[in-house]
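Read the structure below first, then the notes.
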Amino acid sequence: MVKGQGPCERSTRESSVILNENIAVDITEGDIGHGDDNTSVGGGTLNKVLDAQEVKVITDIKIDGSDLSSSSSDVETAEKPTDHDESQHRDPNEVDWDGPDDPDPFASSMMAPAILNIHVEFHSKSVVLDTLSISIFMLGVGAGPLLFAPLSELYGRNLIYHMSNFFFTISGVGCAKAPSLKALIGFRLLAGVAGSAVISNGGGTIADIVPKKSRGLITTLMVLGQLIGPVIGPTVGGYVSEGKGWRWIFWLLTIVSGVFTILGFIFLRETHAPTLLKWKAAKLRKQTGNELLYHKGKSSVPPKKLFMDACQRPLRMLFTNPVIFMISIYIALVLGYAYILFTSFAFVFQQRYGFGEGTTGLLYFGIGIGMLVALVWMSRYSDRIFAQKERQMGRTKAEFRLIPLLYGSLFIPVGYIIYGWAVEYHVYWVLPIFATMLMGVGTVLALVVTQTYLIDAFTVHAASANAANSPIRCLAAALLPLSGTSLYDTLTFGWGNTMLAFIALLFSVLPWITYRYGEQLRAKYTVR
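Following UniProt numbering, the numbering of the sequence shown begins with 1 at its first residue and continues without gaps.
What follows is the structure in structure tokens.
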């Protein structure tokens, strides 16, 4: 759940915009934090980030000598203002900002420890279907952003967040009441689709309101929920399943998501600058009676074509931009490996080590500790490394965000080798759990670094850039675990995980290629 995020506090200033020869609009409002590529608008310091606030707008409208006063709230960020020279030639009916001062989830793996109970209740004879009931969630997470991300760039972030939260809650009821394994798989797919918006659109929200110099920290905080959720989820789910049965896992999810859906309706505020300008223009048309007013950036393209173009953008970015394609392939591998681990835990530690459901859930804290260590490190040093590289090179580029991943990508193959052979020789359970800690570090580095990089590299279309890699990464997360059991049966845990480690080592070259050639490739293959 992405919590409401408001603009940064700024000192108030005044500016005036002449809309036509008979209408003068004086606006007093707080500086709005600017989340574009450079820095915050107005040059003020960043006092608060992610603190939902309202900036009061007092509008005095003078029409034919009469005064009409009104007030409203602006909550959001501003686009980069136009230069003074440009403003002299602007359309008097174009509504712009009034100057530089204007304004995974827990659910994905929670049922993993209960998979054996589900297998028994539904008399399942297919290990593949059992595993699919967990990983199918990620297919939905991969498909949803292809629609939700571009829609958020057309109609604003808030509407999409509210729809996503509501339907995720409803799908939880379906999972809890599922009469068969196939029905459970279907509702899990719907839950993944419904819950995907808060994951994919988070990057767009960060691009809206957070200046580049602070995005590493904020992205780390956002990813915290996506990564810690699948770790805490199995622990909670294991004990809930033991005590109340597996269906109560989904009733618990429904209750929690329902509460956050209500909180979202109360506290979330719009952050998408074009949507705010659209609202501002509509308000001024109503207040002034001037129907010729329109918001800056309004497209002359018919709405239907605009909608279709927006929906096609993520896939177009994926298959026409080499940078996004390479990042997507690498993240797909990382998440696919993580879900092989999640879905094999129950079989490995319950059947080979004799642990119960609740205890098996606790073992997920191994990878969780690794993730937490990486998150703390990234929150402390990500922006610092970026700033240091900027000073060293005398310029800025988004590829500097990839530096922690260049060597950090080695954690995953090393972890898989240790994990595989420790399980193969039935070494004391502490060693394989230590190996999962290394995998947790590598997974967090990969996800945080690449998400921050995509936000910095494709600021205007950050939501679509993050959505572009969703299909591949979530297909991998859903389908790779299906081959995990067969892989281990054929090659054993030792050699099977060694093969996975070798593949991960080969793919770790992709961050290096992106770091070296990403800037040139982005310039050559621009996003439209």
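By construction, the Cβ of each residue, glycine as well, lies at the ideal position given by its N, Cα and C atoms.
Check, Outcome
"Proximal residues to residue 146 (C-beta, below 8 Å), its chain only, five neighbours per side dropped", "311, 314, 315, 467, 470 and 471"
"Contact between the region 248-257 and the region 162-174 (3+ Cβ pairs under 8 Å)", "yes"
"For residue 156 and residue 456, the rounded distance between their alpha carbons", "20 Å"
"Among 132, 209, 346 and 395, nearest to residue 238 - alpha-carbon criterion", "346"
"Rounded distance between the beta-carbons of residue 417 and residue 501, thought under 8 Å", "5 Å"
"Residue 196 to residue 209 span [Cα, whole Å]", "21 Å"
"Under 8 Å between C-beta atoms of residue 218 and residue 510", "no"
"Chain-order list of residues whose beta-carbon lies under 6 Å from that of residue 366 (same chain, five-residue window excluded)", "433, 436 and 437"
"Terminal residues of the alpha helix (DSSP H) in which residue 390 lies", "365-393"
"Buried or exposed (CB count within 10 angstroms, at least 16 for buried), residue 524", "exposed"
"Buried versus exposed call for residue 308 [16 or more other C-beta atoms within 10 Å across all chains shown]", "exposed"
"Contacts around residue 138, its chain only, beta-carbon distance under 7 Å, and the 5 residues preceding and following it disregarded", "108, 192, 339, 474, 477 and 478"
"Distance between residue 186 and residue 348 (C-alpha atoms, nearest Å)", "27 Å"
"Within 8 Å, strictly: CB atoms of residue 249 and residue 240", "yes"
"Test item: CB-CB of residue 373 and residue 441 under 8 Å", "yes"
"Residues of its chain near residue 505, where Cβ-Cβ distance is below 6 Å and the 5 sequence neighbours each way are ignored", "413"
"Nearest-angstrom Cα separation, counted from residue 198 out to residue 387", "29 Å"
"Collapsed DSSP secondary structure at residue 342 in the structure displayed", "helix"
"Residue 148 burial status per 10 Å Cβ neighbour count (16 or more: buried)", "buried"
"With 16 other Cβ atoms within 10 Å as the buried cut-off, status of residue 542", "Because the chain here runs from 1 to 528, residue 542 falls outside it and cannot be looked at."
"Rounded distance between the beta-carbons of residue 245 and residue 169, thought under 8 Å", "About 20 Å; that fails the 8 Å criterion."
"Three-state class that DSSP yields for residue 122 in the structure shown", "coil"
"Whole-number beta carbon distance between residue 343 and residue 271, since they are thought to touch under 8 Å", "Actually they do not touch by this definition, with Cβ atoms about 36 Å apart."
"Beta carbon of residue 449 nearer than 8 Å to that of residue 404", "yes"
"Within 8 Å, strictly: CB atoms of residue 402 and residue 453", "yes"
"Minimum length 4: unbroken alpha helix (DSSP H) runs contained in the region 275-335", "303-320"
"Coil, strand or helix - residue 177 by DSSP", "coil"
"Residue 178 versus 143, 305, 247 and 318, residue with shortest Cα-Cα distance", "247"
"Chain-order list of residues whose beta-carbon lies under 8 Å from that of residue 318 (same chain, five-residue window excluded)", "324, 325, 328, 468, 469, 471 and 472"
"Residue 430 versus residue 341: straight-line alpha-carbon distance, rounded", "16 Å"
"Supposed close pair residue 267, residue 165 - CB separation, criterion 8 Å", "Incorrect: roughly 12 Å between the Cβ atoms, too far for contact."
"Cβ-based burial, residue 212 [other Cβ within 10 Å; buried from 16]", "buried"
"Residue 409 and residue 483 closer than 8 Å at C-beta", "no"
"Proximal residues to residue 140 (C-beta, below 6 Å), its chain only, five neighbours per side dropped", "189, 192 and 193"
"Pick from 356, 120, 446 and 380 that is closest to residue 243, judged by C-alpha positions", "356"
"Exposure label - residue 518; buried when at least 16 CB within 10 Å", "buried"
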